[in-house]
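So this note's numbering is basically just the index in the sequence shown, starting at one, shifted up by 185.
Glycine residues also receive a C-beta, built at the ideal position from the N, C-alpha and C atoms.
Structure first, commentary second.
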Amino acid sequence: MKLIFMGTPDFAKESLEAVYNAGYEILAVVTNPDRPKGRGMKMVESPVKEFAKEKGLEIYQPEKVKKNIEFIEELKKLNPDIICVVAYGKILPKEVLEIPKLGCINVHGSLLPKYRGAAPIQWAVLNGDKETGITTMYMDEGMDTGDMILKEKVTIGEDETTGELWNRLSKIGGELLVKTLKEIEKGSAPREKQGDNFTVAPMLDKKMAKIDWENKSAREIKNLVRGLNPIMGAYSFLNGKKIKFWKVAIATNKEKAKDVEKLKNGTVIVSNPKDGLFIKTKNGVIKVLEIQGENAKRMPIQDFLRGNKIEVNSIFE
Numbered sequence: 186m187k188l189i190f191m192g193t194p195d196f197a198k199e200s201l202e203a204v205y206n207a208g209y210e211i212l213a214v215v216t217n218p219d220r221p222k223g224r225g226m227k228m229v230e231s232p233v234k235e236f237a238k239e240k241g242l243e244i245y246q247p248e249k250v251k252k253n254i255e256f257i258e259e260l261k262k263l264n265p266d267i268i269c270v271v272a273y274g275k276i277l278p279k280e281v282l283e284i285p286k287l288g289c290i291n292v293h294g295s296l297l298p299k300y301r302g303a304a305p306i307q308w309a310v311l312n313g314d315k316e317t318g319i320t321t322m323y324m325d326e327g328m329d330t331g332d333m334i335l336k337e338k339v340t341i342g343e344d345e346t347t348g349e350l351w352n353r354l355s356k357i358g359g360e361l362l363v364k365t366l367k368e369i370e371k372g373s374a375p376r377e378k379q380g381d382n383f384t385v386a387p388m389l390d391k392k393m394a395k396i397d398w399e400n401k402s403a404r405e406i407k408n409l410v411r412g413l414n415p416i417m418g419a420y421s422f423l424n425g426k427k428i429k430f431w432k433v434a435i436a437t438n439k440e441k442a443k444d445v446e447k448l449k450n451g452t453v454i455v456s457n458p459k460d461g462l463f464i465k466t467k468n469g470v471i472k473v474l475e476i477q478g479e480n481a482k483r484m485p486i487q488d489f490l491r492g493n494k495i496e497v498n499s500i501f502e
């Protein structure tokens with residue numbers, strides 16, 4: 186089976202590596218153009234491109250696919266049996282979807298039809314879901330609306346972050362893609378319609394990273410913190426300074442503070458290097474485990490409090 190692989194981030198690189206190691210003939214790898222990154226704005230290659238270069242694979246990096254006649258003609262000349270798409274980052278037009286005789290297939294980071302869209306893994310954590318998984322599917326012109334092929338379900342850990350779940354699912358995705366290709370080769374791949382009971386998982390917005398102490402519970406804040414780790418970090422302001430929260434827990438020892446329910450949400454009720462940092466929420470108390478001060482590195486809360494004073498009864502905005 187001859188294939189073209191399309192993908193960009195490390196999540197996709199795991200699938201490309203799995204397909205390569207399984208011995209499939211990879212006619213070409215399509216990934217996003219190099220982008221400037223970091224303070225020096227140095228041009229950085231995608232993880233997929235790095236792997237493809239290492240293995241000597243043909244690489245294409247079109248700025249756009251839709252209405253890119255020259256690029257689409259190149260794909261047609263390659264004459265692939267199938268196109269594998271994993272977190273590529275661009276919508277494929279009908280002209281591309283119709284090129285391979287066995288169709289285009291996608292590895293998606295959720296149990297479809299739940300979480301169609303750009304950020305399914307992140308939203309599963311943000312929403313406090315107990316389980317998620319990987320779905321392989323045939324692609325059509327809709328956003329993650331194609332017929333499903335195979336699924337693998339996983340349990341989300343109570344304290345698991347988006348980054349940790351992302352890494353787990355990326356490896357599972359590669360394994361499931363190879364299984365899917367084998368089923369398609371044998372002509373035994375299942376094909377299941379999705380139905381209409383779906384959830385949209387849009388791109389994350391930086392505005393959502395600000396912690397709402399006034400209206401959110403300890404559980405919701407914990408999910409926000411782990412859902413945005415390591416993408417951007419949830420944050421709040423204290424005395425005009427931006428503080429990022431990277432790891433928190435729901436406190437069980439609220440008795441440390443007297444009359445906690447009478448305090449304003451966001452109030453610091455315990456703060457010292459020995460016991461840590463505890464903050465009141467709308468429902469429950471957050472125990473901070475890992476934090477990052479303004480223009481500083483992230484660190485365990487005990488280390489932070491040894492060098493930074495946070496007064497009891499001060500209020501996070």
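DSSP beta-bridge partners for residue i?
i    : result
Y323 : I290
S421 : I428
G192 : V271
Q477 : K429, R483
V214 : F190, I244
R301 : V385
T317 : V339
L505 : As displayed, the chain neither begins before 186 nor continues past 502, which places residue 505 out of reach and without an answer.
K227 : K222
Less than 8 Å separating the beta-carbons of residue i and residue j?
i    : j    : result
I435 : A403 : yes
K401 : K459 : no
G359 : E202 : yes
M322 : G331 : yes
I334 : T384 : no
W351 : F196 : yes
G412 : V310 : yes
P278 : K261 : no
L448 : S456 : no
C269 : L354 : no
G418 : E502 : no
M324 : I290 : yes
In the structure shown, what three-state DSSP assignment does residue i receive?
i    : result
N264 : coil
T452 : strand
E502 : coil
A436 : coil
Q379 : coil
P232 : helix
N457 : strand
E496 : coil
I254 : helix
E337 : strand
I471 : strand
R220 : strand
L296 : coil
K249 : coil
K238 : helix
If I follow the unbroken alpha helix (DSSP H) through residue i, where does it start and stop?
i    : result
Q307 : 305-311
E405 : 403-412
K395 : First-last for K395: undefined, no H or E at that position.
V281 : 279-282
From which residue to which residue does the beta strand (DSSP E) around residue i run?
i    : result
I357 : Where I357 is concerned, there is no enclosing beta strand (DSSP E), although the alpha helix (DSSP H) it sits in stretches over 347-371.
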